[in-house]
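Chains as they are written, first to last, in the numbering used here: chain A, 1 to 415; chain B, 1001 to 1458. Ideal Cβ positions, reconstructed from N, Cα and C, are used throughout, including at glycine. The structure appears right after this line, and notes come after that.
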């Protein structure tokens, strides 16, 4: 194989990394380089430095160390049997690229993943070396996200956690049967075992920091995972249940969903039709309901169609839930507790906070609520204000048609 | 009228000191004209005001108000000073009440400023310039509000070990590794025109984009066009968007033509996955999933309704009485059952227990939809020339919508996944007809339909 220059390698290894959904640079500790020695900072918030035409945020330099792989996972562009062009970075090349991009303010840091070459340990060693060099040789204070390999030696995983802000292990597919079919060399128990060990290590690290200020930080941004949607038979109900289990058992910061998307040189095992992108969006919304709106997983699952287990595509899951439990509405914005306000479709967490604060100053009328929210039309049927009460509106059979957004329905056919 | 002149557009301290003194002297908001710098002047403004000195009342201001004011002062709206003073002079605590129109207006201004600050941190692009004492990084940026000084600390903390400058139309700021200094307004031409690393960055931008998920609306919402002119990567957007559809189509086409290599393995794995299916509640009482069977290169795919009592026990499709009827009819129509892929619209047996017997029950819309996933996978692997639906449930599955047999029978149907469909009755219908003459006629029609299907396959 001819030697490729850095730019040609980057084209291959960024292309190979684009199926990873996460680009988050948030949730870690605050750091600066005010001492004049290092480079970079983290604010805890995360910054998107650009957006690609697929609408996704570009926050990190997201690349693979190599796209060669000894595994043959059918959904993966980098699988052994794929005809894709291969390339491999040296750790030094990745370090240079990261620093050069960072100095020009293109990125918040690095998200490094890799195909598995030679062995899990060898691959993990190379990835850890990139992170070590950035932190120790260059005093890099920006964000580092390392994808870890479930089978790698625990000592290497420990090293990864010491250098990285966030670590992640992909569960890949929502069902075990799906994993068996599409990633025959991967094992669900091994993946979950590694996530459990990671949870323990992160909690031990945080615990030690509380007692000794000098204790090293261990993955302060926590761990996350990703699953592919639409490549196996899992319904939305199955996926919500799986995600809830993962959050609970492994203390995850985030579960990312990636709608299976067509890849060049796909394996015949894959479904040819991709799921609508809207399905992925609805799953993220359901994730939001659990993380910020105090919905229990079984409550979110109630928003799905009981026969098919699928969330509606034309309306969001919060609205779907409200239409199913109409007896919980209308909610009086002048009296209802926070939990009840959070259930109103169209009221976000900020709007709820504003309503609660404004109530101390006035009895809210419809025009007041309009100033606190994006769309009054959507929430009107579900609230009571000083001058408004929906007359039997929540009993109307065509309520769904009445509030369902018209233009979003197009998305159904866009895929 | 009193006029207050502030030293700069972002002079928060000047506004705060003047506002405090004026509020303590209980000067009405309408009595004050706020100005910036030496120039300008209000026609109605009298003498520049000497600030009241002696505090007549103590003024308690909540910390949240000061933070809000500090942000809002950076807004480009000339009325910002007056609006903030009105809030202060009436009751600064009222900012809690976001339903208040004035508070709402000021909050929106604060939001716009915070967004501009965030976007500056995101979208500033440095270009490297090497001089005698090493590299310097210079950026040209055009913010919407007066945020540059307020934002300087972020860049100092992040790039403390570098020497850098951010040039803007209002002011320029410079960091030499130790101190921050300010310079006069700059122009685009004052910044370097290029940086070789930009080409590498553009390569990254183009490669990380997934053409199969085009969502330009989402991109524009977070990266509005007004910032594009100072971001080198945005020059690629037009071509990337234009090429996306073609690239996706090419990927799907390659995928279609690639099917064939390991279809057997794919089908076996699919069948094994289906054995654990819980997509609808029918799996609970049923014995097992009855998956399709037959050659994977079959020209014809026959889709029945669902497994019956005997199929449920045997795990194979069409082995009961209806299956025997089908065999006979296929034989008469000249179709070799061994060359046909046989499957069902719903893959678990749905029944109602009646004493010791299990009576067939019709699958409903939810169950048909839930099971469509498996049918789609089978269709993708077998890719038959013709799909023959036996009965209304199967017709629903292959067309994707409910209809009656009589409406669809005898015509070639364009299927949603591509390919041709053909609809006839289910063989169990023939078994249920009580009148022998009618049953014989229905059987002849059934065979005729199958014969026509055979002709369509060629």
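Could you name the residues of chain A that residue i contacts, counting a contact when the two beta carbons are closer than 8 angstroms?
{"i": "residue 1126 (chain B)", "result": "103, 104, 105"}
{"i": "residue 1137 (chain B)", "result": "103, 104"}
{"i": "residue 1157 (chain B)", "result": "32, 33, 34, 41"}
{"i": "residue 1280 (chain B)", "result": "307, 308, 309"}
Give the residues of chain A in contact with residue i, contact being defined as C-beta atoms less than 7 angstroms apart.
{"i": "residue 1063 (chain B)", "result": "Per Cβ cutoff of 7 angstroms: no residues; residue 1063 (chain B) is ~15 angstroms from chain A at best."}
{"i": "residue 1161 (chain B)", "result": "33, 36, 37, 38, 39"}
{"i": "residue 1301 (chain B)", "result": "Neighbours of residue 1301 (chain B) on chain A: none; closest Cβ ~16 angstroms, over 7 angstroms."}
Judging by CA-CA distance, which residue of the options is the nearest neighbour of residue i?
{"i": "residue 1377 (chain B)", "options": "B:1301, B:1168, B:1360", "result": "B:1301"}
{"i": "residue 13 (chain A)", "options": "B:1445, B:1205, B:1213, B:1351", "result": "B:1205"}
{"i": "residue 1209 (chain B)", "options": "B:1183, B:1308, B:1027, B:1236", "result": "B:1236"}
{"i": "residue 1228 (chain B)", "options": "B:1199, B:1166, B:1122", "result": "B:1122"}
{"i": "residue 1370 (chain B)", "options": "B:1442, B:1158, B:1277, B:1414", "result": "B:1277"}
{"i": "residue 1118 (chain B)", "options": "A:150, A:70, A:46, A:128", "result": "A:46"}
{"i": "residue 1170 (chain B)", "options": "B:1155, B:1186, B:1280", "result": "B:1186"}
{"i": "residue 181 (chain A)", "options": "A:57, A:72, A:225", "result": "A:72"}
{"i": "residue 366 (chain A)", "options": "A:357, A:390, A:353", "result": "A:390"}
{"i": "residue 1136 (chain B)", "options": "B:1166, B:1090, B:1275, B:1433", "result": "B:1166"}
{"i": "residue 1450 (chain B)", "options": "B:1180, B:1365, B:1214, B:1337", "result": "B:1337"}
{"i": "residue 113 (chain A)", "options": "A:146, A:138, A:104, A:94", "result": "A:146"}
Could you tell me if residue i is buried or exposed, where buried requires 16 or more neighbouring beta carbons within 10 angstroms of its beta carbon?
{"i": "residue 373 (chain A)", "result": "buried"}
{"i": "residue 1367 (chain B)", "result": "buried"}
{"i": "residue 1128 (chain B)", "result": "buried"}
{"i": "residue 1168 (chain B)", "result": "buried"}
{"i": "residue 196 (chain A)", "result": "exposed"}
{"i": "residue 1389 (chain B)", "result": "buried"}
{"i": "residue 1431 (chain B)", "result": "exposed"}
{"i": "residue 1347 (chain B)", "result": "buried"}
{"i": "residue 1155 (chain B)", "result": "buried"}
{"i": "residue 1001 (chain B)", "result": "exposed"}
{"i": "residue 174 (chain A)", "result": "buried"}
{"i": "residue 360 (chain A)", "result": "exposed"}
{"i": "residue 210 (chain A)", "result": "exposed"}
{"i": "residue 1130 (chain B)", "result": "exposed"}
{"i": "residue 1401 (chain B)", "result": "exposed"}
Using DSSP with H/G/I as helix, E/B as strand and the rest coil, what is residue i?
{"i": "residue 1090 (chain B)", "result": "helix"}
{"i": "residue 1125 (chain B)", "result": "coil"}
{"i": "residue 986 (chain B)", "result": "Past the boundaries of the shown model lies residue 986 (chain B); chain B is included only from 1001 to 1458, so the question cannot be answered."}
{"i": "residue 439 (chain A)", "result": "The requested residue 439 (chain A) does not occur in the structure, where chain A is confined to residues 1 to 415."}
{"i": "residue 1360 (chain B)", "result": "strand"}
{"i": "residue 287 (chain A)", "result": "helix"}
{"i": "residue 83 (chain A)", "result": "coil"}
{"i": "residue 62 (chain A)", "result": "strand"}
{"i": "residue 426 (chain A)", "result": "Lying before the first or after the last residue shown, residue 426 (chain A) is absent from chain A, which here runs from 1 to 415."}
{"i": "residue 45 (chain A)", "result": "coil"}
{"i": "residue 254 (chain A)", "result": "strand"}
{"i": "residue 315 (chain A)", "result": "coil"}
{"i": "residue 417 (chain A)", "result": "Because chain A in this structure spans residues 1 to 415, residue 417 (chain A) falls outside the shown range and cannot be described."}
{"i": "residue 154 (chain A)", "result": "helix"}
{"i": "residue 1371 (chain B)", "result": "helix"}
{"i": "residue 1439 (chain B)", "result": "helix"}
{"i": "residue 26 (chain A)", "result": "coil"}
{"i": "residue 1118 (chain B)", "result": "helix"}
{"i": "residue 94 (chain A)", "result": "helix"}
Along chain B, which residues have their Cβ under 8 angstroms away from the Cβ of residue i?
{"i": "residue 361 (chain A)", "result": "1094, 1096, 1097, 1099, 1100"}
{"i": "residue 18 (chain A)", "result": "1207, 1208, 1209, 1210"}
{"i": "residue 61 (chain A)", "result": "1204"}
{"i": "residue 364 (chain A)", "result": "1099"}
{"i": "residue 214 (chain A)", "result": "Neighbours of residue 214 (chain A) on chain B: none; closest Cβ ~23 angstroms, over 8 angstroms."}
My understanding is that residue i touches residue j, with C-beta atoms under 8 angstroms, so please give their C-beta distance in whole angstroms.
{"i": "residue 111 (chain A)", "j": "residue 9 (chain A)", "result": "In fact, because the Cβ distance is near 17 angstroms, the residues do not count as touching under 8 angstroms."}
{"i": "residue 1234 (chain B)", "j": "residue 7 (chain A)", "result": "Going by Cβ atoms, the distance from residue 1234 (chain B) to residue 7 (chain A) rounds to 19 angstroms, so no, they are not a contact pair."}
{"i": "residue 247 (chain A)", "j": "residue 21 (chain A)", "result": "Contact flag wrong, Cβ pair sits at about 16 angstroms."}
Starting from residue i, find everything on chain B with Cβ-Cβ shorter than 7 angstroms and list it in chain order.
{"i": "residue 48 (chain A)", "result": "1122, 1222"}
{"i": "residue 263 (chain A)", "result": "1251"}
{"i": "residue 54 (chain A)", "result": "1209, 1210, 1213, 1214, 1215"}
How would you list, in chain order, the residues of chain A whose beta-carbon sits under 9 angstroms from the beta-carbon of residue i?
{"i": "residue 1367 (chain B)", "result": "307, 308"}
{"i": "residue 1385 (chain B)", "result": "Per Cβ cutoff of 9 angstroms: no residues; residue 1385 (chain B) is ~17 angstroms from chain A at best."}
Taking C-beta pairs closer than 9 angstroms, name the residues in chain B that residue i reaches, listed in chain order.
{"i": "residue 335 (chain A)", "result": "The premise fails here: residue 335 (chain A) is roughly 16 angstroms from chain B at the closest Cβ pair, so nothing lies under 9 angstroms."}
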